[in-house]
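Worksheet: the structure to be examined is printed underneath.
There are 2 protein chains.
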Amino acid sequence: MNVKKRPLYKQLKQELIQKIERGELKPGDVLPPERELAKIFNMSRMTVRQAISELVNEYVLIRRHGSGTYVAEHKIPQGKKLKSFSEEMRLRGMLPGSKLCEKKIVLSPSANMAAELKSEGKLFMLKRLRLADLEPMAIETSLLPINRFPSLENRNFENESLYEILEEEYNIKMTKAQQKIEVRMPTPQESELLDINYTIPVFHFKQVTFDQNDTIFEVAHSVYRGDRYEIETEIYR
Amino acid sequence: MNVKKRPLYKQLKQELIQKIERGELKPGDVLPPERELAKIFNMSRMTVRQAISELVNEYVLIRRHGSGTYVAEHKIPQGKKLKSFSEEMRLRGMLPGSKLCEKKIVLSPSANMAAELKSEGKLFMLKRLRLADLEPMAIETSLLPINRFPSLENRNFENESLYEILEEEYNIKMTKAQQKIEVRMPTPQESELLDINYTIPVFHFKQVTFDQNDTIFEVAHSVYRGDRYEIETEIYR
DNA sequence: AAGTGGTCTAGACCACCGA
DNA sequence: CGGTGGTCTAGACCACTTC
C-alpha cells in the first residue's frame with residue numbers, strides 16, 4: 000500500500016540529488032542510462048526524462064546526446080557575487096578609499112529615489128566619494144531606514160565599511176541585490192566630485208539590497224566614472 | 000513526403016511566439032487547451048506540452064492548473080540568464096528585429112577584437128543592427144571561426160536567429176559568456192546607425208561565448224543605445 | 001554496430017478550478 | 001459538475017557518439 004501522493008518524477012529527482020549530496024555521484028560522473036533508470040525505479044522512461052530534464056534546467060545535470068547524462072561540474076559565478084566597493088577594488092588590485100560627502104536624516108527622500116523604503120519613515124542618507132588608488136572612482140549614496148538602525152548616524156564613515164557595521168552591530172547580512180544600470184552624462188556636481196570632464200559618460204547603478212530575511216534594507220545609487228571603470232560579468236544558460 | 004527535419008514541438012513553439020509577436024495573442028490571453036492544440040496541429044498532447052513547457056521556462060507563458068495556459072505579462076526581469084537579443088527583448092515586452100549591415104570573411108580581425116579566436120584562422124564576421132519595436136536598439140558584431148561553421152556565410156540573417164542556426168545546424172549551444180561592459184560616446188558611424196544624437200552615451204559589451212564543451216565559439220561586440228537600454232541584474236552573496 | 005539521448009504517439013487517470 | 005493542466009505508461013523510431 001503505497002503512499003504515492005508525491006509524483007514519481009519528483010521522487011526520482013530527490014533520489015538523484017541525495018546521491019550527489021552524499022557523494023555517491025560526483026561532478027563529471029555518468030548517470031545510468033535513462034532506460035536503465037526506468038527499470039531500476041520501476042517507472043517509464045518518459046517519467047525518468049521529466050526528472051532529469053528538471054535537474055538539467057537547474058544546472059545539476061548535463062545531457063550529452065549520444066553519450067550520456069552527467070553530473071555537472073560545480074561552477075562559481077565569479078562575476079555574479081555581491082561585493083562591496085572595497086572588496087571589488089581590492090579584487091582589481093586597487094587600494095580602496097572613502098571620503099564622506101554628506102550624512103543626514105531625511106524624512107521624505109528626494110523624488111522616488113527610495114520608493115522601496117518609503118513606508119519605513121525616516122531614512123538615513125549616506126553619501127560618500129569612493130576612491131581607488133587615491134583617485135575618485137564613484138559616488139555612492141545609500142539610504143537606510145533609521146528605525147532598523149538606531150544611532151547609525153553617529154558613526155564616522157571615513158574608514159569604516161558600511162556593510163561591516165551593519166553585519167557586526169545590527170546583525171544584517173546582505174544576501175541579494177537587484178540592480179538597474181544606466182549610462183548617462185554626469186551632472187555638473189558629479190563631474191566636479193569625480194574630477195572628470197563633462198564629456199565623460201558615467202554608469203549609474205540603482206540598487207536595492209536584501210537581507211537574510213529577504214527584506215529590503217537599503218536603496219543605493221552609485222555613479223561610476225566611465226573612463227576608469229568597466230563591469231565584468233559572467234553569465235550562464 | 001514531409002520535410003520533417005525540424006522537431007514538431009519547436010515548430011509549435013515558433014508558431015506560438017509568432018502569434019504573440021503579431022498580436023494575435025496578447026499578454027493575459029488564454030491559449031487553447033492542450034488537447035485542442037494537439038488536434039489543431041495534428042500532434043500528440045505530450046508534444047504540445049513539451050513546446051509549452053519550454054515557453055513557460057522562458058517566461059513567455061504561464062500555466063495555471065485547472066484553469067488554463069496564459070500569455071505572460073511582460074515585466075519580469077530575469078537577470079543572470081544568458082539570453083539572445085531576441086529572447087531578451089521579448090522578455091521586456093518588445094518586438095525584436097534585425098537588419099543586416101555587413102557579412103564577410105576576414106582573415107586577420109581588426110586590431111585585437113578577437114584575440115581569443117585568432118588561432119582559428121579565417122573568421123566569419125556578422126554585423127547587424129538590432130531593432131526593438133522597429134527602432135534601433137543596438138549594433139551587434141559577431142566573429143565566428145569559419146572552419147567550425149562551414150557555409151554559415153551563405154545564410155540570410157535578416158529573419159533568422161544566429162544562435163538558433165548554430166544550435167540547430169551545427170549543434171552548438173551557448174552555455175556561458177564572459178562580458179566586459181564599458182560606457183563611452185558613440186562613433187559618428189554608430190550614432191548614425193543607432194539614430195541617436197552624438198551626445199548620448201552607449202553601452203559597449205565585449206563578449207566571449209562558450210559552447211557545451213567549454214570552448215569559445217564566438218567573440219561579439221555590442222553597442223547599445225544608452226537612452227533606450229538599461230541593464231537589469233540580480234546578484235547574490 | 002551498439003548504445004545513448006531526442007522526439008513522438010495514443011492513450012489513461014489524477015488534481016485543481018470555476019460556474 | 002465539466003474542463004483544465006499534471007502525471008504516467010509502453011511502446012516506436014530518429015540522431016548522435018563511441019568504438
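Which chain is which? The protein sequence lines are A and B, in order.
Here the first sequence stands for residues 0 to 236, where the numbers follow numbering that gives the first Met the number 0.
Here the second sequence stands for residues 0 to 236, where the numbers follow numbering that gives the first Met the number 0.
All C-beta atoms in this analysis are idealised placements derived from N, C-alpha and C, irrespective of residue type, glycine included.
Answer yes or no: do residue i and residue j have a C-beta to C-beta separation smaller than 8 Å?
i      : j      : result
A/D210 : A/K179 : no
A/L229 : B/E181 : Before going on, a small fix: residue 229 of chain A reads as Glu here, not Leu. Contact flag set, yes.
B/T208 : B/F216 : yes
A/E33  : A/I61  : no
B/V222 : B/A137 : yes
B/I104 : B/E152 : yes
B/A176 : A/I234 : yes
A/F284 : A/Y162 : Outside the modelled stretch of chain A, which goes from 0 to 236, sits residue 284 of chain A, for which no answer is possible.
A/L11  : A/V55  : no
B/R236 : A/T174 : yes
B/G67  : B/L15  : no
Could you give the distance in angstroms between the alpha-carbon of residue i and the alpha-carbon of residue j?
i      : j      : result
B/H220 : B/R127 : 11 Å
B/P200 : A/P135 : 21 Å
A/R129 : B/P187 : 33 Å
B/L90  : B/V218 : 24 Å
A/N146 : A/K82  : 25 Å
B/A110 : B/R21  : Per-residue confidence for B/A110 stands at a pLDDT of 48, beneath the threshold of 50, marking its modelled position as unreliable; the derived number appears in the next sentence. Computed Cα separation, rounded: 42 Å.
A/K102 : A/S141 : 10 Å
A/K205 : B/T232 : 10 Å
B/M93  : B/I19  : 11 Å
B/D226 : A/G225 : 16 Å
B/K38  : B/I164 : 29 Å
B/L106 : B/R154 : 19 Å
A/L24  : B/N158 : 44 Å
A/I75  : B/E53  : Note that A/I75 has pLDDT 48, beneath the 50 cutoff, so the model's placement of it is unreliable and the number below is only indicative. Each residue's Cα considered, the two are about 26 Å apart.
A/Y197 : B/L193 : 23 Å
B/E167 : B/G65  : 35 Å
B/H73  : B/R63  : 17 Å
B/N41  : A/Y8   : 28 Å
A/G120 : A/S150 : 15 Å
B/Q17  : B/E35  : 19 Å
B/E87  : B/Q13  : 16 Å
B/E6   : B/M45  : The question names Glu, yet the displayed sequence has Pro at residue 6 of chain B. C-alpha separation (whole angstroms): 13 Å.
B/E191 : B/R183 : 15 Å
B/Q49  : A/S97  : 54 Å
A/P185 : A/P95  : 22 Å
B/I195 : B/N212 : 40 Å
Under 8 Å by Cβ, that's how I've got residue i and residue j pegged, so tell me the actual separation to the nearest angstrom.
i      : j      : result
A/E143 : A/L122 : Note that residue 143 of chain A is Leu in the sequence shown, not Glu. So it is a contact: roughly 7 Å between Cβ atoms.
B/G27  : B/Y58  : Not a contact, Cβ separation roughly 14 Å.
B/L133 : B/F156 : With a Cβ gap of about 17 Å, B/L133 and B/F156 do not count as contacting.
B/S43  : B/S160 : So it is not a contact: roughly 27 Å between Cβ atoms.
Under 7 Å between beta-carbons, which chain B residues line up against residue i? List them in chain order, please.
i     : result
A/I16 : By Cβ distance, chain B contributes nothing, its closest Cβ being about 19 Å from A/I16, past 7 Å.
Which bits of chain B does residue i rub up against, with CB to CB less than 8 Å?
i     : result
A/N56 : N56
Please compile the residues from chain A whose C-beta is within a distance smaller than 8 Å of the C-beta of residue i.
i      : result
B/R236 : K80, L81, K172, M173, T174 and K175
Of the residues that make up the region 146 to 176 of chain A, which ones have a beta carbon closer than 9 Å to any beta carbon in chain B? From the region 146 to 176 of chain A, only K172, M173, T174, K175 and A176 have a Cβ closer than 9 Å to chain B.
Taking Cβ-Cβ distances below 8 Å as the criterion, which residues of the region 179 to 204 of chain B are in contact with chain A? Residues passing the 8 Å Cβ filter: K179, I180, E181, V182, R183, M184, T198, P200, V201 and F202.
Which of the residues in the region 214 to 235 of chain B, read from start to end, lie with their CB under 9 Å from any CB of chain A? Contact annotation: in the region 214 to 235 of chain B, residues whose CB is within less than 9 Å of a CB in chain A are Y223, G225, D226, Y228, E229, I230, E231, T232, E233, I234 and Y235.
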